[in-house]
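Numbering (the numbering used here), first residue to last: 78 to 261.
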Amino acid sequence: MRHEEQRIPSRRLRNPWRGAWIALLPIAAIVLTVVVTQAAAVRAEADSFGSLVRTLTSQHDVEVTTPPMMWLARLVVKAAQPEGVTDVRLAMFEGSGLSRVAGDESFGKLLQKVADQGWSPMVKVRSRKSGELTAVHARQQGGRLSLLVVTINRREGVIVEATVKPETFSQWFDQPRQIARRMH
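(1) Where does the unbroken alpha helix (DSSP H) through residue 147 begin, and where does it stop?
(2) In terms of residue numbering, what span does the beta strand (DSSP E) encompassing residue 238 cover?
(3) Looking at the secondary structure, which residues open and close the alpha helix (DSSP H) in which residue 125 lies?
(4) Confirm, please, whether the CB-CB distance from residue 215 to residue 222 is below 8 Å.
(5) Pull up the CB-CB distance for residue 194 and residue 125, whole angstroms please, since I reckon it's below 8 Å.
(6) Measure how close the beta-carbons of residue 239 and residue 165 come, nearest whole angstrom, since I'm counting them as under 8 Å.
(7) With 16 as the cutoff for other CB atoms within 10 Å, does residue 153 come out buried or exposed?
(8) With a CB to CB cut of under 7 Å and the five nearest residues on each side skipped, what residues in its chain are close to residue 122?
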């Protein structure tokens, strides 16, 4: 008599991760939402230039008069990096609504917003004769130095943000005449 082996039908083992990705979708969605909202918050907080432009344009009788083709100028500056400048943003304003902003209190609030976003004040000047207000702030981020210049008088205003290489900025102070000659 032959011993017949009993053959057990083979069963495929079920992959424990099969279908698990469906259970992980809500968790992945929550993580992705948190990351995206945090990145957007950091980006919005870091964009002091845009914040200042929005603040000034929200004033009654103030309009932005940014030069045409400014995007092209930014592109050229980013590519050529003249005198160590790696980026530049410019917004010009006109209107009678700037006279309210030119008051010390409004301008002070505007500058406080800038300081709250990590900028260090370098210069703040107010002309008694013309009422013009100018402030220069600086911030270092990731090996770059950004300068933010805000100038407002009763009818016009300008905001410039320039990003420069820190070593170039120090050269400007070490050799100002040589830099000035190269600019002309």
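Note that beta-carbon positions come from the ideal geometry of N, C-alpha and C, so glycine has one too.
In short, the structure shows the following:
(1) Reading the sequence shown from its first residue, position 70 is the one you call residue 147. Residues 147-157.
(2) If you number the sequence shown from 1, residue 238 lands on position 161. According to the DSSP assignment, residue 238 belongs to the beta strand (DSSP E) that extends over 233-241.
(3) In the sequence shown, the residue the question calls residue 125 occupies position 48. Counting along the chain, the unbroken alpha helix (DSSP H) around residue 125 starts and ends at 125-134.
(4) Position 145 of the sequence shown, counted from the start, is the residue given in the question as residue 222. Position 138 of the sequence shown, counted from the start, is the residue given in the question as residue 215. A contact, by the Cβ cut-off of 8 Å.
(5) By one-based count along the sequence shown, residue 194 stands at place 117. By one-based count along the sequence shown, residue 125 stands at place 48. Sure, about 5 Å apart at Cβ, within 8 Å.
(6) Numbered from 1 along the sequence shown, position 162 holds the residue referred to as residue 239. Numbered from 1 along the sequence shown, position 88 holds the residue referred to as residue 165. So it is a contact: roughly 5 Å between Cβ atoms.
(7) Here the question's residue 153 lines up with position 76 in the sequence shown. Residue 153 is exposed by the Cβ-count criterion.
(8) Walking along the sequence shown from the start, residue 122 turns up at place 45. Below a pLDDT of 50, predicted positions are generally treated as unreliable, and residue 122, at 44, falls in that range; the measurement from the model is reported next regardless. Counting only Cβ-Cβ distances below 7 Å, and skipping sequence neighbours, we find 194.
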